[in-house]
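When you line the sequence shown up against our numbering, it's residues 132 to 293, in that order. C-beta atoms are modelled at their ideal positions from N, C-alpha and C, and glycine is treated no differently. These notes are about the structure you will find just below.
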Amino acid sequence: MNEVQYLTGSNPYERLKELGLALPKPPSPIANFVTHVQEGNLLFLSGQGPQEANGYLHTGKVGRDVDVDKAYEHAKLTGINLLAVMQDALGDLSRVKRVVKLLGMVNAAPDFGEHPKVINGCSDLMMAVFGEAGRHARSAVGFGSLPNNITVEIEAIIALAE
132 MNEVQYLTGS NPYERLKELG LALPKPPSPI ANFVTHVQEG NLLFLSGQGP QEANGYLHTG
192 KVGRDVDVDK AYEHAKLTGI NLLAVMQDAL GDLSRVKRVV KLLGMVNAAP DFGEHPKVIN
252 GCSDLMMAVF GEAGRHARSA VGFGSLPNNI TVEIEAIIAL AE
């Protein structure tokens, strides 16, 4: 697993470039909901999962079918998808004032207990892309199942610059 990287880029796009990341098209909702809702200066992002740009979903029980290191990467991919939704909603990631909170859900085997290590994949990405503004409150919890048997699902609350 990676350590938090603080990058030299002066904005989120330069930092994404330093990380070698490009944002995909945001995933479409799989049911009757929208990807985001803005209320005042808060942006609420619906849960995203580890979906590749080609639509492939990473699935399985963490702690049984998928190890912590692989699940960390799935949480990072989920973070990339959250960033894609932010970009789509805002038009400019520089409008992000702060990542306020993440709720990370892990499709966990019953005896699995390393949920925080998994969700660090997304948290580390947010801190790398937004610097101190990416440091957030968070919950990391285990579930008996997730939609389409995905390994992780993460939702976010984002504060926007005035």
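When C-alpha distances from L291 are compared across E170, N251, G210, K148, the shortest belongs to E170. Assigned with DSSP and collapsed to three states, T190 falls in strand. Taking the CA atoms as reference points, L154 sits about 14 Å from S225. Straight through space, the alpha carbons of D242 and A184 are spaced by roughly 32 Å. Close CB contacts of A206 within its chain, under the 6 Å cut and outside five residues either way in sequence, are with V249, I250, G252, C253, V283 (chain order). Out of E245, L214, S276, K192, the CA that lies nearest to the CA of M257 is found in L214.
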